[in-house]
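Notes follow once the structure below has been shown.
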Amino acid sequence: MQNQNINNCVFFTQFLVFLGMVSFFLSDRLVIRNMGYCRRIKKYSFKSLLWITLAIIIILIILYSPYMRLVSLSDVYDLREDSANITGMGIVGYLVFWSSNAFVPFFFIYGLLKKKTLYVVLGFVCYVLLFMMTGQKTNFFMPLILYGFIVLLRYERKGLPFYLLLICSLVCISILVFNLSDDFMIIKAIVFMRTLCIPGLLFVNYLDFFLTHDLTYYTHVSIIQLFTGAYPYNEPLGYVIGDIYGGGNVNANFWTTDGIAAMLLPGILFINILFFIFLVFLNSITKKINRDFVFVLFIPSIVYLLNASFFTFLLSSGGIICILILLFFDIPLDEVN
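If you're matching positions, the sequence shown starts at 30 in our numbering and goes up one per residue.
Right, dumping it as structure tokens:
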């Protein structure tokens, strides 16, 4: 009977995740009509945002200067350990993530779309500097990822032939990466283990753990924990699961942290609804802004949904900063594509 209950829970969990994905893809068809006031908000100049970004980067360079260096992908953890005391200094960690996921990509993407080399170079240099500070692999690969998405968006309007070519290319690249020699193990690990395998494994681990342990009821969110003090564990979720299943700090996606860990099945349903509302809101406030720009701008921050809570994505990883930029700063691009 216990095994049957677990099987039923797994089935309904997968079903709710499936419904969530369907609703997310449908959200772009919905717009909140009474959002005109957002377009009447006073817009600050493009240059003022540039100066803010440069000021933040300069501050970070000053703080991280004793530890900054270029390292190989296999040595990034040593760099992170060396600079951890700086990253942990209150607002500094936020500034790093906001720069990586909002301010810097803003100018890099703008330069690509407007074909302005100065902003492309500026964004690339800033990403290199950020990688030298914290050793985050996302900063190392992000310029290439953003450029790749810009290229994809330019050709995706060609329809079915484009998608067939894209699928075939991805299959060929996957086979090529899988068959690389052990000298390229780090690349294979990033592509297959971190991207495809680990999220699924952690989903199962979290479900197995929280079926028999205390749920968090969203007290794992820092702000809620600050006011309630009701978080049932002595360590962050990632370490709680890591201590049981091995692997140190094993953070997981928003369905896992804000769904399973919070309230199991009702938690997944709740976070589905919350994220759906967020997507509709975002679609509504960006209706008159260049579509490609908005889409690519959110890629660096939304990637963290694969490895963090939805609330972490908003507050720590730059999601809310991207929204504020779109609301309060002038973007000299064509309104719509």
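The C-beta atom is built at its ideal place from N, Cα and C for all residues, glycine as well.
Close Cβ partners of residue i (< 8 Å) along its chain, the five nearest in sequence each way excluded
i, result
"Leu353", "none"
"Phe324", "Phe178 and Leu182"
"Asp359", "Lys72, Tyr73, Ser74 and Phe75"
"Arg98", "Leu108 and Met161"
"Leu92", "Ile115, Met118 and Val121"
"Phe304", "Gly49, Phe53, Phe283 and Phe339"
Residue i to residue j span [Cα, whole Å]
i, j, result
"Tyr106", "Leu124", "20 Å"
"Ile297", "Pro265", "20 Å"
"Asp321", "Ile179", "7 Å"
"Asp237", "Arg183", "43 Å"
"Ala281", "Ala337", "6 Å"
"Tyr274", "Gly152", "39 Å"
"Met292", "Tyr246", "6 Å"
"Asn130", "Leu78", "15 Å"
"Asp111", "Leu55", "45 Å"
"Ile289", "Pro329", "25 Å"
"Pro172", "Cys155", "10 Å"
"Tyr139", "Tyr148", "7 Å"
"Phe310", "Phe357", "16 Å"
"Asp287", "Leu175", "28 Å"
"Ser94", "Ile81", "20 Å"
"Ser128", "Thr241", "40 Å"
"Cys201", "Phe256", "51 Å"
"Val157", "Phe169", "7 Å"
"Lys317", "Leu355", "11 Å"
In DSSP terms, what residue i is bridged to
i, result
"Tyr73", "Phe358"
Reduced DSSP category for residue i - H, G, I as helix; E, B as strand; rest coil
i, result
"Phe327", "coil"
"Thr315", "coil"
"Lys166", "helix"
"Leu99", "coil"
"Asp104", "helix"
"Met30", "Legend: pLDDT at Met30 = 39, less than 50; position of this residue unreliable, no value from coordinates given."
* Asked: Quick one: any contact between the stretch 126-146 and the stretch 343-357, if contact means 3 or more CB pairs under 8 Å?
  -> yes
* To do: State whether the stretch 57-64 contacts the stretch 112-122, with contact taken as three or more CB pairs (one from each stretch) at a distance under 8 Å.
  => no
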